[in-house]
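Written out below as structure tokens is the structure these notes cover.
Numbering (our numbering), first residue to last: 258 to 533.
Laid out in structure tokens, this is it:
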């Protein structure tokens, strides 16, 4: 989320690079995909390339390494060195079936070749920035770490940051109405000590779904169809129609309340305990 905010504030294109999008069982395909990502980044500059879980892409080299992983790491080191020196890296030339990344490169052509570059492929102002995230920096190859200018340790959010995060989620239009006041929001922020940003997001998702779950259970029990009847059929009936089972079909889920977060706190626990 930090990188997304940086890209939005700077008005730059963001390319998210994950292991699942790059790693392939076919020989040479992983390196081809990686080269294609940096080709696209150069074509879309100013651009940010964000490598999530970089320890999976560039683990520390040692005896018994996977040759595919070693070649992928070498390609990544070459591409980052080219960016640092302002030289356009080698284009992908590995034979194989087209992929979305290579198709994008072909469609863009050599757009970046005329951006201040000479005939030798050098570029005076390469506006491509590489960010990486990992929870296991000790597993990353030292040669890769040396290519990053800065290392930033992102701590867990404090109580003020958690309160701001929760308030931002509740302000989203898709969340709908809620009955939480400022004191309840502060209390919730204090009770989520040790929660990361992703933990808080999961907590909010569980809480928001609780009124929906209650509505679905009620609709399954109401009406002449009885338990286990088609929910879609019951939902199609006008809300003002009374059923023999008692009550009217509600028009939608109830407002989100503090009780929903109380329930979610019992389900969603921080991935990393505060004492670790």
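Think of the CB as a built atom: it goes at the ideal place given N, C-alpha and C, for glycine as much as any other residue.
Legend entry - Limits of the beta strand (DSSP E) - the one that residue 309 falls within: Locating residue 309 in the chain shown gives position 52, where the first residue counts as 1. Where residue 309 is concerned, the enclosing beta strand (DSSP E) stretches over 304-309.
Legend entry - Span separating the alpha-carbon of residue 292 from that of residue 467: Translated into the one-based positions of the chain shown, residue 292 becomes position 35. Translated into the one-based positions of the chain shown, residue 467 becomes position 210. If I take the Cα positions, the gap works out to 45 Å.
Inset, instruction - Give the straight-line distance between the Cα atoms of residue 267 and residue 307, rounded to the nearest whole angstrom. - result: Taking the first residue of the chain shown as position 1, residue 267 is located at position 10. Taking the first residue of the chain shown as position 1, residue 307 is located at position 50. If I take the Cα positions, the gap works out to 15 Å.
Inset, instruction - May I ask which residues mark the beginning and end of the alpha helix (DSSP H) holding residue 424? - result: Sequence index remark: in the chain shown, residue 424 carries index 167 (1-based). Membership of residue 424 in the alpha helix (DSSP H) is indicated by the continuous run 416-427.
Inset, instruction - Give me the Cα-Cα distance between residue 260 and residue 304, rounded to the nearest whole angstrom. - result: Counting from 1 along the chain shown, the entry for residue 260 is found at position 3. Counting from 1 along the chain shown, the entry for residue 304 is found at position 47. Taking the straight line joining both Cα atoms gives about 12 Å.
Inset, instruction - Would you tell me roughly how many angstroms separate the C-alpha atoms of residue 319 and residue 455, rounded to the nearest one? - result: Your numbering for residue 319 matches position 62 in the chain shown. Your numbering for residue 455 matches position 198 in the chain shown. Going by the C-alpha atoms only, they are around 33 Å apart.
Inset, instruction - Determine the closest residue to residue 402 out of 411, 525 and 315, with distance taken between C-alpha atoms. - result: In the chain shown, the residue the question calls residue 402 occupies position 145. Among 411, 525 and 315, the Cα nearest to that of residue 402 is on 315.
Legend entry - Stretch-stretch touch, CB-based, cutoff 8 Å, three pairs: the segment 469-476 with the segment 509-528: yes
Legend entry - Test item: CB-CB of residue 404 and residue 341 under 8 Å: Here residue 404 corresponds to residue number 147 of the chain shown, with the count starting at 1. Here residue 341 corresponds to residue number 84 of the chain shown, with the count starting at 1. Yes, the pair counts as a contact, with Cβ atoms nearer than the cut-off.
Inset, instruction - Note down the Cα distance separating residue 270 from residue 390, rounded to an integer number of angstroms. - result: Start at 1 with the first residue of the chain shown, and residue 270 comes out as number 13. Start at 1 with the first residue of the chain shown, and residue 390 comes out as number 133. Looking at the two C-alpha atoms, the distance is approximately 18 Å.
Legend entry - For residue 315, the three-state DSSP class (helix, strand or coil): Position 58 of the chain shown, counted from the start, is the residue given in the question as residue 315. Of the three classes helix, strand and coil, the one that applies to residue 315 here is coil, per DSSP.
Legend entry - For residue 516, the nearest candidate out of 272, 461, 526 and 453 (CA to CA): Taking the chain shown and counting its residues from 1, one reaches residue 516 at position 259. Out of 272, 461, 526 and 453, the CA that lies nearest to the CA of residue 516 is found in 461.
Legend entry - Residue(s) in a DSSP beta bridge with residue 291: Along the chain shown, read from residue 1 onward, the residue named residue 291 stands at position 34. DSSP output for residue 291 lists no bridge partner at all.
Inset, instruction - Rank 440, 423 and 439 by C-alpha distance to the C-alpha of residue 432 and give the top, closest one. - result: Counted from its first residue, the chain shown places residue 432 at position 175. Ranking the options by Cα distance to residue 432, first place goes to 423.
Legend entry - Delimiting residues of the alpha helix (DSSP H) encompassing residue 542: No information on residue 542 is available, as it lies outside the stretch 258 to 533 that the chain covers here.
Inset, instruction - Give the straight-line distance between the Cα atoms of residue 368 and residue 448, rounded to the nearest whole angstrom. - result: Against the chain shown, residue 368 aligns to sequence position 111. Against the chain shown, residue 448 aligns to sequence position 191. With a pLDDT of only 41 at residue 368, under the threshold of 50, the placement of this residue in the model should not be trusted; the figure read from the coordinates follows. Distance between the alpha carbons of residue 368 and residue 448: 52 Å.
Inset, instruction - Enumerate in chain order the residues of its own chain whose CB-to-CB distance from residue 385 is below 7 Å, with the five nearest sequence positions on each side excluded. - result: Working through the chain shown from its first residue, we reach residue 385 at position 128. Closer than 7 Å at the Cβ level, and outside the excluded window around residue 385, lie 298, 299, 302, 304, 306 and 340.
Legend entry - DSSP three-state assignment for residue 272, whether helix, strand or coil: Numbered from its first residue, the chain shown carries residue 272 at position 15. Strand.
Legend entry - CB of residue 330 within 8 Å of CB of residue 406, strictly: If you number the chain shown from 1, residue 330 lands on position 73. If you number the chain shown from 1, residue 406 lands on position 149. Not closer than 8 Å, so no.
Legend entry - Spatially closest choice to residue 400 from 289, 274, 262 and 311, by CA coordinates: As a working note, residue 400 is residue 143 in the chain shown. That would be 311, whose Cα lies nearest to the Cα of residue 400.
Legend entry - residue 457, DSSP secondary structure in three states: By one-based count along the chain shown, residue 457 stands at place 200. Residue 457: helix per DSSP, three-state reduction.
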